[in-house]
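Below: the structure, in structure tokens.
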Amino acid sequence: MLKLSIIGCGNVAKTMAFLWKQSASVEIVDVVNRSQTNADKSVEFIGAGKALNSLDELRVADVFVIGCGDDHIETCLDELLEKKILQAGNIVFHFSGAKSSTLLHKAKDQGVHCASLHPVKSFANPATAITTFAETYCGLEGDEIACNTLEKLIQAIDGHCFAVDGDKKLTYHAASVFACNYMVALQELSIKALEKSGVNRKLAMKILEPIVKETAVNIFTLGTAKALTGPIARGDHSLVSEQFAAVKEWDSDASEIYRLLGKLGIDLSDEKDSSDKSDLEKIRILFEV
Numbered sequence: 063m064l065k066l067s068i069i070g071c072g073n074v075a076k077t078m079a080f081l082w083k084q085s086a087s088v089e090i091v092d093v094v095n096r097s098q099t100n101a102d103k104s105v106e107f108i109g110a111g112k113a114l115n116s117l118d119e120l121r122v123a124d125v126f127v128i129g130c131g132d133d134h135i136e137t138c139l140d141e142l143l144e145k146k147i148l149q150a151g152n153i154v155f156h157f158s159g160a161k162s163s164t165l166l167h168k169a170k171d172q173g174v175h176c177a178s179l180h181p182v183k184s185f186a187n188p189a190t191a192i193t194t195f196a197e198t199y200c201g202l203e204g205d206e207i208a209c210n211t212l213e214k215l216i217q218a219i220d221g222h223c224f225a226v227d228g229d230k231k232l233t234y235h236a237a238s239v240f241a242c243n244y245m246v247a248l249q250e251l252s253i254k255a256l257e258k259s260g261v262n263r264k265l266a267m268k269i270l271e272p273i274v275k276e277t278a279v280n281i282f283t284l285g286t287a288k289a290l291t292g293p294i295a296r297g298d299h300s301l302v303s304e305q306f307a308a309v310k311e312w313d314s315d316a317s318e319i320y321r322l323l324g325k326l327g328i329d330l331s332d333e334k335d336s337s338d339k340s341d342l343e344k345i346r347i348l349f350e351v
């Protein structure tokens, strides 16, 4: 069984470590956080490992996870190398979706195998994430030996790996930002629009929940073009023009979001072929401002 230690045990690392421990895929050795309290809480959640607040007492392991924030990954690696913790044949990897495994390449000179592993999932609540991880897809890139090992670990907890171009990690990660983070921001904008029209926030949430859930289902069952509804899907240029003006009067930033997303909507409506081409062209001209 592989021995695994974690440096920087955030929500992703806690979730993955718990699942790997539960599946008997690894032996958790050490869990390092800057705060001893946070390290203790992480170990308690995982159910294994020794809680540490520095790298000084880090023990021998086969795999090292750098689970800290993106800005600290390279610094953490430097400290691991300086303290001669990493040994030839070890695997070191990080969970960043935006940074590639090249951040870790200083370790290659020591014969260490490097990779990045990014589960495409929300880890806002680790207690929930451990129950819903199965079938999660994980972007993987790096050395062949490291990738092969990590793919087996993901398969052991019922996940799936797919290859990612390390040179395109920022664009790759933007996909998750659009799909998840910005969806949250877009719902906030929807709530504010309802509040502006006289609906209180609590009721606004209830109103939006069914249509948002149904739209998500339609996207992944019908495809984006067929899932598109509303005035742009119908080619209703008069309504779009009036609504665009109303949103602009309410909030200029919201109107710019309306315009940019509307341009994508025109392309989808064109693909759906459910509206008159001349009507779509009028909307396209409206948004080219």
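Heads up: the sequence shown begins at 63 in the numbering used here, then just goes up one per residue. All C-beta atoms, glycine included, are put in the ideal place defined by N, C-alpha and C. Model, not experiment: these values are computed from the prediction.
With contacts defined by Cβ atoms closer than 7 Å, Ile-219 and Ser-104 do not form a contacting pair. The beta carbons of Lys-145 and Leu-166 sit no closer together than 7 Å. Asp-92 is a Cβ neighbour of Lys-112, given a cutoff of 7 Å. Close CB contacts of Leu-232 within its chain, under the 6 Å cut and outside five residues either way in sequence, are with Ala-160 (chain order). Shown here, Phe-185 sits in coil according to DSSP, grouped into three states, outside any helix or strand. In the assembly as shown, Trp-312 is an exposed residue. Its beta-carbon has fewer than 16 other beta-carbons within 10 Å. Remark: C-beta atoms of Ser-331 and Leu-323 do not approach each other more closely than 7 Å. According to the DSSP assignment, Phe-107 belongs to no beta strand (DSSP E) but to the alpha helix (DSSP H) extending over 98-108. For the 7 Å CB-CB criterion, Ile-216 and Phe-80 do not form a contact. Here DSSP, grouped into helix, strand and coil, assigns Ile-319 to helix.
Contact between Gly-201 and His-222 is absent: CB atoms are separated by about 10 Å, not below the 8 Å threshold. For Ile-153, the beta-bridge partners assigned by DSSP are Val-125, His-175. Note on geometry: alpha-carbon atoms of Lys-183 and Asn-280 lie some 20 Å from one another. It is roughly 23 Å from the alpha-carbon of His-235 to the alpha-carbon of Ala-287. Counting along the chain, no alpha helix (DSSP H) covers Ile-219, and no H or E run does either. In the three-state DSSP reduction, Ile-147 falls in the coil class, being neither helix nor strand. In the DSSP assignment, Leu-301 falls within the unbroken alpha helix (DSSP H) covering 299-312. Excluding five sequence positions before and after Gly-173, the CB atoms of its chain that fall closer than 6 Å to its own CB belong to Ala-150, given in chain order. Apart from the 5 residues on each side of it in sequence, Asn-115 sits with its Cβ closer than 8 Å to the Cβ of Val-94, Asn-95, Arg-96, Ser-97, Gln-98, Ala-101 in its chain, given in chain order.
Cβ-Cβ distances below 7 Å link Thr-164 to Gly-228 in the same chain, with the five nearest sequence neighbours on each side left out; the list follows chain order. Of the residues His-156, Arg-121, Ala-123, Asn-152, the one whose Cα lies closest to the Cα of Glu-136 is His-156. Taking C-beta atoms as the reference points, Asp-205 and Cys-242 fail to come closer than 7 Å. Taking the CA atoms as reference points, Gln-249 sits about 17 Å from Ser-314. Distance from the CA atom of Val-226 to the CA atom of Ser-178, rounded to whole angstroms, is 10 Å. Within the same chain, and ignoring the five residues on either side of Lys-334 in sequence, the residues whose Cβ sits closer than 8 Å to its Cβ are Ala-287, Lys-288, Leu-290, Ala-295.
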